[in-house]
Every structure is written in structure tokens, then in C-alpha cells.
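Here our numbering is used: the first residue of the sequence shown is 4, the next is one more, and so on.
Just so it is clear, CB atoms sit at the ideal spot from N, CA and C, and this is done for glycine as well.
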Amino acid sequence: MKQILLLLLFSSFLIGCDTYKETFDAAGTGELTIKLNLLHDDDSLTYNKEYINALSQNYTISDFRFYLSNIVLRDTSATNYFKIPESYHLIEMIDKADTSIVLTGLPNHAFSELEFSIGVDNAANYSTDQVGDLDPANGMAWNWDTGYKFMLTEGLRLIDDVNTKGLVYHIGGDANYRTVKFSGKEIYLNKNNKQEIVLDVHVDFIFGDKKEALKPEDQRNTNFIDFNNDTDQDTMFGPNTQLIADNYAQMFEWKEIFVK
Numbered sequence: 004m005k006q007i008l009l010l011l012l013f014s015s016f017l018i019g020c021d022t023y024k025e026t027f028d029a030a031g032t033g034e035l036t037i038k039l040n041l042l043h044d045d046d047s048l049t050y051n052k053e054y055i056n057a058l059s060q061n062y063t064i065s066d067f068r069f070y071l072s073n074i075v076l077r078d079t080s081a082t083n084y085f086k087i088p089e090s091y092h093l094i095e096m097i098d099k100a101d102t103s104i105v106l107t108g109l110p111n112h113a114f115s116e117l118e119f120s121i122g123v124d125n126a127a128n129y130s131t132d133q134v135g136d137l138d139p140a141n142g143m144a145w146n147w148d149t150g151y152k153f154m155l156t157e158g159l160r161l162i163d164d165v166n167t168k169g170l171v172y173h174i175g176g177d178a179n180y181r182t183v184k185f186s187g188k189e190i191y192l193n194k195n196n197k198q199e200i201v202l203d204v205h206v207d208f209i210f211g212d213k214k215e216a217l218k219p220e221d222q223r224n225t226n227f228i229d230f231n232n233d234t235d236q237d238t239m240f241g242p243n244t245q246l247i248a249d250n251y252a253q254m255f256e257w258k259e260i261f262v263k
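Written as C-alpha cells, this is what we have:
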């Protein structure tokens, strides 16, 4: 009897933990576009333009890329979710400072939460299956280890009028995988409309949100990256990688959603 009671309690615990259930088995006709505006100082990111970080240090950016992955939609009753299969998207600036992800075949349903991650989950990171944009030809695979760079930022640190140093941040590794959620939204997908979500991506937040510098130190919700104290390339296990990962989880701002 005691064993049966323990089994029932354990079963109840498991049911309580499984708050969300992936109940949408059949593809629908919903279509959702996620547009990402790459910004710096609230203006379009411009390659090789001189910028100033929160610590008044000058720098330029010549390349910026990251993986946006594992997109999930949760519904208004907080009981069902739909995970977009093989959703590994390389976000980069090619000819303009915005890019879009178009998702089709989505359930005809009302959702209230958008979730996605920055980076590549453990299973896909060490797999030989190149799904989505997980292609070594994209320049985001490590050339010395298995797996992918989650975020790549390159440019120059302008030390003074005559001296420059490379700015190289290649962030990866399981410890730097981050998840972003936007809740309380109205995402209605059906066969009669196509919706678009617009997200601003504040690239400068990677090195610390300047607005946070105005707050007392114990109230700041960002990490300021000092270029002078980081003279080497910062990669998977560098001293600033997890600080930067925490920062890039905060660089997304929900702007609007509308019917296309």
C-alpha cells in the first residue's frame, strides 16, 4: 500500500511538472514573420562606423552574427505549445541592418508567448546533422572543436588616435546558451491572416547597456565589458563570455505585431 501511495505521489509530481504539452500534431496554415532590426545606439547598425561603449571606449564593428534557435509558441491558456521544428536561423547583416525569419505551416491557434534561444542547444551543437542554418560554410563552426559559435562580433578597438587592436568575440559553449521570452502577447494565427513580429536587436548591449551606467552599481542589470582589460580573443572559455551571454539575452526589444 505504501509503495502504491508513493507511486501515485510521484505520478502526480510528474504531471504537475509538465505544465506545457506539445499537442499540435498536424501542420496548420498559419504564417508568422519575425523581423529583426539590428541597431546600435537606437539607429541602424553600420559596419566600420566608430562607436563608443558605456565605458567611453571607442570601437568599430565589421561583422556581427548570431544563431536564433528553438522557436516556441505557447498558447493563451498556458497549457499548449508548438516548437518550430529544426529552427536554427543565422542572423547576420548582409546588405541592410534588418533580416526576417518566415515561419509557415503553423497551427491555426491563438498564442500569447514567443520563446527563442541564442545559440545552439547541446544536442544539435555536437551533432553531425546540419539542420536549418547549421552549415559550417556559414563561418560559425569552430575550426578547432566540435560545435558552433553562438555569437560572433568582430571589429577594432580604437585605443587612441594611432593605436588600434582587434575586437574579436566568438561566444559559444553550453554555458553561454541563453533563452528569451516575450509573454502577454496576442499572436493569432489562422488561414485568413499572416502576422509579423518586429523585434529591435540592440547590438551595443553586448558590451553593456549605456542607460544602466546611470544607475547605482548595485541596481545595474548589465555587464560592462572593458576593452582595455581584454586584450586577447574572447572565445568559448574566455573571461567575459558568460558576461556577454547575459548581455545578449537582454538585447531584444519587442516593438510590435501586426497583420501583413
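Integer-rounded CB distance, given that residue j should sit under 8 Å from residue i
i	j	result
I174	T102	Contact doesn't hold; Cβ gap of about 19 Å is too wide.
I247	Y172	6 Å
A252	V183	6 Å
L192	K258	The Cβ separation is near 19 Å, so there is no contact.
N141	L93	5 Å
T32	K194	4 Å
V206	L48	5 Å
I209	M254	7 Å
Cβ-based burial, residue i [other Cβ within 10 Å; buried from 16]
i	result
V123	buried
I55	exposed
P110	buried
N128	buried
V204	buried
D136	buried
S72	buried
Y62	buried
Y50	exposed
L8	Summary for L8: the model assigns pLDDT 41, below 50, so the residue's position carries little reliability; its value from the coordinates is reported in the next sentence. So L8 ends up on the exposed side.
K214	exposed
G187	exposed
G211	buried
G176	buried
N250	buried
Length of the line joining the Cα atoms of residue i and residue j
i	j	result
E199	D163	44 Å
S130	L217	44 Å
T156	G169	11 Å
I104	D229	33 Å
P299	N226	Past the edges of the chain, shown from 4 to 263, lies residue 299, and the structure says nothing about it.
R68	E220	30 Å
G241	Q222	26 Å
T36	K197	8 Å
Q60	G150	32 Å
I121	R181	5 Å
R160	T167	6 Å
V79	I260	According to the sequence shown, residue 79 is Thr rather than Val. Roughly 16 Å between the two C-alpha positions.
N224	K52	27 Å
N125	E256	26 Å
N232	E95	28 Å
F185	D45	20 Å
Contact set for residue i: own chain, Cβ-Cβ below 8 Å, skip 5 residues either direction
i	result
L10	Reliability of the predicted coordinates at L10 is poor, the pLDDT of 39 falling under 50, and no value is obtained from them.
V134	E89, Y91, A127
Close Cβ partners of residue i (< 6 Å) along its chain, the five nearest in sequence each way excluded
i	result
L76	F85, F114
I74	I87, S90, F119
A144	Y151
E34	T107, K197
Neighbourhood of residue i by C-beta, 7 Å cutoff - its chain only, sequence neighbours within 5 removed
i	result
G158	Y62, T63, I64, S65, L170
N179	G122, F153, T244, Q245, A248
Cβ contact check for the stretch 39-52 and the stretch 84-101: 3 or more pairs under 8 Å: yes
Sufficient close CB pairs (3 or more, under 8 Å) joining the stretch 105-121 to the stretch 79-87: yes
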